[in-house]
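Enquirer: Chains as they are written, first to last, in UniProt numbering: chain A, 1 to 231; chain B, 1 to 231.
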DNA sequence: GTCAATATTATTGTCGACAATTTTGGTTTC
DNA sequence: GAAACCAAAATTGTCGACAATAATATTGAC
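Encoded structure:
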């Protein structure tokens with residue numbers, strides 16, 4: 001599933017755009033490991049292109065905060081720290097809470113019915129234990145993705161889908177993330193959808209925020225367990 | 001006042017970065033009017049540079065959603081619609097509400113004292129009617145800026161300061177924006193700061209959200225008054 | 001006279017090469 | 001032996017030129 005806010009424009013015309021997509025995927029999935037220096041000549045050679053389009057793609061990656069760049073020195077893939085990951089959760093709590101509120105107001109009945117079907121599918125998956133952690137989490141993103149789309153606020157959707165979700169996915173690829181929270185998360189998803197179906201925006205926001213907060217706390221616990229020597 | 005999240009790096013080394021700043025300012029302040037096509041050759045000539053750095057700057061402007069770009073066609077300065085402006089208010093309500101909550105938890109006593117001094121200054125300005133609407137609004141942005149910085153969440157601050165605040169400022173330059181809400185807004189600011197001073201994060205968030213919602217409603221009324229034939 | 005097809009022009013996209021800065025390696029000196 | 005200084009190599013930043021695509025103007029046919 002491609003996570004983009006706009007309708008995906010089939011074949012992207014320009015090389016820079018295509019390279020941007022490929023590089024983003026490579027970075028998010030860890031193929032280009034965090035902290036590694038990005039050499040323009042070798043990357044250009046690897047993709048068989050010139051440095052011009054590559055630099056334009058890098059500028060976009062920089063704006064997405066997937067690479068850090070120092071003038072006259074070069075670019076490195078970012079290394080997500082625990083603090084930065086938790087910062088993202090806080091922002092998602094604010095934005096997706098608002099998105100749930102808006103979705104309750106704007107989402108069409110048909111879209112809500114679709115969403116319910118998706119949750120039924122997830123419920124089935126969880127019941128049958130057919131959820132490798134990875135796929136479960138992708139399903140989780142799928143749920144959040146639909147709520148955000150349902151908000152009807154395109155800029156809100158862009159912020160989440162173009163940047164934050166990629167960063168979240170990058171973190172999940174970096175650490176193993178076999179969530180033992182699947183059952184709880186699913187229950188929380190159902191509550192959110194119920195509130196949306198009843199057009200109760202205030203409740204939907206409250207439930208979504210609590211859901212993301214719970215995910216953040218679970219992540220905090222996991223981080224604390226991984227590195228007990230850290231601050 | 002330069003609105004940037006990072007500590008401004010004095011003289012930006014590379015041309016592309018400098019051009020990005022200049023172009024952003026020119027677009028935000030309306031020097032390059034909304035909807036106008038951006039021709040790479042003429043702009044490059046105007047700045048006395050080559051097209052390479054210019055294109056890199058354009059890619060960053062695209063990421064900031066200040067220009068829209070179609071492959072093989074070119075880039076145009078965006079034209080903020082009423083709907084887009086209101087979308088921004090909604091996002092600010094979510095993000096700055098969260099920022100106020102975090103500020104109540106993280107801001108230092110010294111920073112809060114500074115903030116109170118700033119509000120006292122504003123109060124004085126308003127009492128003396130020394131507030132051309134424009135300056136008042138800049139003061140407004142200054143207030144919001146400090147809260148966001150006080151949140152301690154760097155990514156949150158980046159989203160607001162690097163993108164949303166520029167868009168808000170662009171709109172204000174586009175339409176005259178002589179706010180008659182200065183007195184009310186100031187009162188609302190004071191309530192937010194009081195809540196922060198008392199370390200009441202929940203209340204601070206609630207007050208900040210109500211404040212931004214009130215600003216949005218005022219803008220909605222102004223928009224409705226300007227174009228009564230619109231939907 | 002109007003519409004359509006075609007040729008021309010202009011603009012964007014891409015490339016290779018040069019200049020400037022940084023990093024690295026070596027040499028010298030204390 | 002270590003530190004500092006200098007030189008060489010590599011990398012980034014910038015530029016001008018070519019290729020490909022889209023917009024425009026022209027010409028022809030009906």
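Heads up, the beta-carbon is just placed ideally off N, CA and C, and yes, glycines get one too.
Computed from a prediction, not measured in an experiment: that's the story for all the values here.
Between which two residues does the beta strand (DSSP E) holding residue 67 of chain A run?
Expert: That run of the beta strand (DSSP E) goes 67 to 70.
Enquirer: Would you give the residue range spanned by the beta strand (DSSP E) that residue 195 of chain A belongs to?
Expert: No beta strand (DSSP E) contains residue 195 of chain A, which is instead part of the alpha helix (DSSP H) from 182 to 197.
Enquirer: Counting only beta-carbon separations shorter than 7 Å, does residue 26 of chain A have a partner in chain B?
Expert: Output row for residue 26 of chain A: interface = no.
Enquirer: So with CB distances below 8 Å, who are the chain A contacts of residue 232 of chain B?
Expert: Past the edges of chain B, shown from 1 to 231, lies residue 232 of chain B, and the structure says nothing about it.
Enquirer: Can you tell me the Cβ-Cβ gap for residue 99 of chain A and residue 151 of chain A, rounded? I've got them flagged as a contact below 8 Å.
Expert: Yes, they are in contact, since the Cβ atoms of residue 99 of chain A and residue 151 of chain A sit about 4 Å apart, within 8 Å.
Enquirer: Is it the case that the Cβ atoms of residue 103 of chain B and residue 196 of chain B are separated by a distance below 7 Å?
Expert: Yes, these two residues count as a Cβ contact at 7 Å.
Enquirer: Closer than 7 Å by C-beta to residue 126 of chain B: which residues in its own chain qualify, once you throw out the five before and the five after it? Chain order, please.
Expert: Counting only Cβ-Cβ distances below 7 Å, and skipping sequence neighbours, we find 182, 183 and 186.
Enquirer: Using a beta-carbon distance cut-off of less than 8 Å, what residues from the region 156 to 185 of chain A approach chain B?
Expert: Cβ contacts with chain B: 156, 158 and 159.
Enquirer: Does chain A have any CB closer than 7 Å to the CB of residue 108 of chain B?
Expert: No, residue 108 of chain B does not count as interfacial toward chain A.
Enquirer: Going residue by residue through the region 49 to 99 of chain B, where are the continuous alpha helix (DSSP H) segments of at least 4 residues, counting only ones entirely within it?
Expert: Those alpha helix (DSSP H) runs which fall completely within the region 49 to 99 of chain B and span 4+ residues are 51 to 63.
Enquirer: CB residue 27 of chain A to CB residue 90 of chain A, shorter than 7 Å?
Expert: Cβ distance not < 7 Å, so residue 27 of chain A and residue 90 of chain A don't count as in contact.
Enquirer: Near residue 10 of chain B, which residues of its chain fall below 7 Å by C-beta distance, leaving aside the five closest residues on each side in sequence?
Expert: Any reading at residue 10 of chain B needs caution, since the residue's pLDDT is 49, under 50, leaving its predicted position unreliable; the model's value is listed next. Answer for residue 10 of chain B: no residue qualifies.
Enquirer: Between the alpha carbons of residue 31 of chain B and residue 161 of chain B, how many angstroms are there, rounded?
Expert: So the alpha carbons of these two residues sit roughly 21 Å apart.
Enquirer: Tell me which residues share the same chain as residue 60 of chain A and place their Cβ nearer than 6 Å to its Cβ, disregarding the 5 neighbours each side in the sequence.
Expert: These residues qualify, in order along the chain: 20.
Enquirer: Strictly under 7 Å for the Cβ-Cβ distance: is residue 91 of chain B near chain A by that measure?
Expert: Closer than 7 Å: yes.
Enquirer: Quick check on residue 98 of chain B - is its C-beta less than 7 Å from some C-beta in chain A?
Expert: Residue 98 of chain B counts as touching chain A.
Enquirer: State the start and end residues of the unbroken alpha helix (DSSP H) segment that holds residue 204 of chain B.
Expert: Segment 201 to 226, the alpha helix (DSSP H) holding residue 204 of chain B.
Enquirer: Taking 8 Å as the cut-off, does the region 111 to 128 of chain A touch the region 206 to 224 of chain A (at least 3 CB pairs, one atom from each stretch)?
Expert: Short answer: they don't touch.
Enquirer: Just confirm the distance between the C-beta atoms of residue 94 of chain B and residue 94 of chain A, as a whole number of angstroms; I'd bet it's less than 8 Å.
Expert: About 4 Å; that satisfies the 8 Å criterion.
Enquirer: Got a sec: which bits of the region 40 to 59 of chain B sit with their beta carbon under 9 Å from any beta carbon on chain A, in order along the chain?
Expert: Per Cβ criterion, the list reads 52, 55, 56, 57, 58 and 59.
Enquirer: For the alpha helix (DSSP H) that contains residue 153 of chain A, what are its first and last residues?
Expert: Unbroken run through residue 153 of chain A: none, as it is neither H nor E.
Enquirer: From the beta carbon of residue 207 of chain A, is the nearest beta carbon of chain B less than 7 Å away?
Expert: Taking Cβ atoms only, chain B never reaches closer than 7 Å to residue 207 of chain A, which makes this a no.
Enquirer: Consider the Cβ of residue 223 of chain B: report whether some Cβ of chain A lies at a distance smaller than 7 Å.
Expert: Residue 223 of chain B does not count as touching chain A.
Enquirer: What's the C-alpha gap between residue 200 of chain B and residue 191 of chain B?
Expert: Taking the straight line joining both Cα atoms gives about 11 Å.
Enquirer: Counting only beta-carbon atoms, is residue 5 of chain B nearer than 7 Å to chain A?
Expert: The pLDDT assigned to residue 5 of chain B is 47, lower than 50, so where the model puts this residue is not dependable; a value taken from the coordinates is nonetheless given after this. False, the Cβ-Cβ gap to chain A never drops below 7 Å.
Enquirer: Mapping the DSSP letters down to three states, classify residue 32 of chain B as helix, strand or coil.
Expert: Three-state result, residue 32 of chain B: coil.
Enquirer: To the nearest angstrom, how far is the alpha carbon of residue 33 of chain B from that of residue 168 of chain A?
Expert: Distance between the alpha carbons of residue 33 of chain B and residue 168 of chain A is about 37 Å.
Enquirer: Against chain A, does residue 263 of chain B count as a neighbour if the rule is that its beta carbon must be under 7 Å from one of theirs?
Expert: The structure shown does not extend to residue 263 of chain B, since chain B is modelled only from 1 through 231, so no value can be given for it.
Enquirer: For chain B, check one thing: does any of its Cβ atoms lie closer than 7 Å to the Cβ of residue 215 of chain A?
Expert: Not closer than 7 Å to any Cβ of chain B, the Cβ of residue 215 of chain A fails to qualify, so no.
Enquirer: Is there a Cβ from chain A that is less than 7 Å from the Cβ of residue 190 of chain B?
Expert: With 7 Å as the cut-off, residue 190 of chain B does not count as an interface residue toward chain A.
Enquirer: Against residue 149 of chain A, what residues of chain B qualify as contacts under a CB-to-CB distance less than 9 Å, listed in chain order?
Expert: Ordered by position in chain B, no residue passes the 9 Å Cβ test against residue 149 of chain A, which lies about 14 Å from the chain.
Enquirer: Assuming residue 155 of chain A contacts residue 88 of chain B under a Cβ cut-off of 8 Å, what Cβ separation, rounded to an integer in Å, is found between them?
Expert: With 8 Å as the limit, residue 155 of chain A and residue 88 of chain B qualify as a contact, their Cβ atoms being about 7 Å apart.
Enquirer: For residue 8 of chain B, count neighbouring C-beta atoms within 10 Å of its own C-beta (all shown protein chains included) and say buried if the count is 16 or more, exposed if not.
Expert: Since pLDDT at residue 8 of chain B reaches only 43, below the 50 mark, its modelled position is unreliable, and the value read off the structure follows with that caveat. Under this definition residue 8 of chain B is an exposed residue.
Enquirer: For a quick check, are the C-beta atoms of residue 223 of chain B and residue 82 of chain B less than 7 Å apart?
Expert: Their beta carbons are under 7 Å apart, which means residue 223 of chain B touches residue 82 of chain B by this criterion.
Enquirer: Between the C-alpha atoms of residue 66 of chain B and residue 172 of chain B, what's the straight-line distance to the nearest angstrom?
Expert: Answer to the nearest angstrom: the Cα atoms are 14 Å apart.
Enquirer: How is the alpha helix (DSSP H) around residue 125 of chain B delimited, first residue to last?
Expert: Here the alpha helix (DSSP H) through residue 125 of chain B covers 109 to 127.
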